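A.B. asks:
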Amino acid sequence: MASYNKIILIGHLGDDPAVRDFEGRKVANFSIAVNAYTKPGEEPKTDWFRVSFWGNNAEVVEKYLRKGNQVYVEGRLSTRTYTDNTGQTRFSLDVQGQNLTMLGSRNDSGGEGGSYQNQGGGQQQPATQPQNEKREASDTTFNADEPDDLPF
Numbered sequence: 341m342a343s344y345n346k347i348i349l350i351g352h353l354g355d356d357p358a359v360r361d362f363e364g365r366k367v368a369n370f371s372i373a374v375n376a377y378t379k380p381g382e383e384p385k386t387d388w389f390r391v392s393f394w395g396n397n398a399e400v401v402e403k404y405l406r407k408g409n410q411v412y413v414e415g416r417l418s419t420r421t422y423t424d425n426t427g428q429t430r431f432s433l434d435v436q437g438q439n440l441t442m443l444g445s446r447n448d449s450g451g452e453g454g455s456y457q458n459q460g461g462g463q464q465q466p467a468t469q470p471q472n473e474k475r476e477a478s479d480t481t482f483n484a485d486e487p488d489d490l491p492f
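Numbering-wise (the numbering used here), the sequence shown opens with residue 341 and increments by one.
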């Protein structure tokens, strides 16, 4: 039987991403806050997810993302086992990011807005975004005295 490991998150960055070099590759780590609304009028429940991006994805994160930016992240869940300062064995569930889309406007916390998709081989290509072109209003105005083609 086949299996599939994928998670999709939409949330806000809790802090600026931490980017470092690891064995010759960049890695960007950050946390995303995702709100779950239960009933109208109730406070939302906030879940936090740790996300990591590697390589060219990490460079995009470093360049464009800041605390408070809203992002859409696709990735896979991975588990980690580590020993804390008291000697206890702990388990952690992390998201290994694969695709990233920056949501919101350019003015939202300094974000650039846009999408970056992993094109295989670690290459990162910006997704095409239509330019915000100003459309002129047409000169057609409604005149109630003109006959129309409607049968009723």
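Note that CB positions come from ideal geometry on N, CA and C, so glycine has one too. The model shown is predicted, which means the values in this text are computed figures rather than measured ones.
(1) Buried or exposed for residue 341, going by 16 or more other Cβ atoms inside 10 Å?
(2) Report yes or no: do three or more beta-carbon pairs, one from the segment 406-421 and one from the segment 351-366, lie closer than 8 Å?
(3) State the beta-bridge partners of residue 420 as determined by DSSP.
(4) On the premise that residue 406 lies in contact with residue 434, defined as a C-beta separation below 8 Å, what is that separation, rounded to the nearest angstrom?
(5) By the 10 Å Cβ neighbour count, where 16 or more other Cβ atoms means buried, how is residue 451 classified, buried or exposed?
(6) Please report the straight-line C-alpha distance between residue 425 and residue 432, rounded to a whole angstrom.
(7) Helix, strand or coil for residue 382? Go by DSSP, reduced to three states.
(8) Do residue 359 and residue 402 have their C-beta atoms within less than 8 Å of each other?
(9) Looking at C-alpha atoms only, which residue of 442, 347, 349 is the closest neighbour of residue 397?
(10) I need the straight-line Cα distance from residue 467 to residue 388, nearest angstrom please.
(11) Rounded to whole angstroms, what's the CA-CA distance from residue 343 to residue 417? Just pull it up for me.
(12) DSSP three-state label for residue 369, please.
C.D. replies: Put simply:
(1) Counting every other CB atom within 10 Å of its CB across the protein chains shown gives residue 341 a total below 16, marking it as exposed.
(2) yes
(3) According to DSSP, which records beta bridges pairwise, residue 420 is partnered with 432.
(4) About 21 Å separates the two Cβ atoms, so there is no contact after all.
(5) With a pLDDT of only 41 at residue 451, under 50, the local geometry of the prediction cannot be trusted, and no value is derived from it.
(6) 15 Å
(7) coil
(8) yes
(9) The candidate whose alpha carbon is nearest that of residue 397 is 442.
(10) Any reading at residue 467 needs caution, since the residue's pLDDT is 46, under 50, leaving its predicted position unreliable; the model's value is listed next. C-alpha separation (whole angstroms): 27 Å.
(11) 13 Å
(12) The answer is strand: DSSP assigns residue 369 an E or B state.
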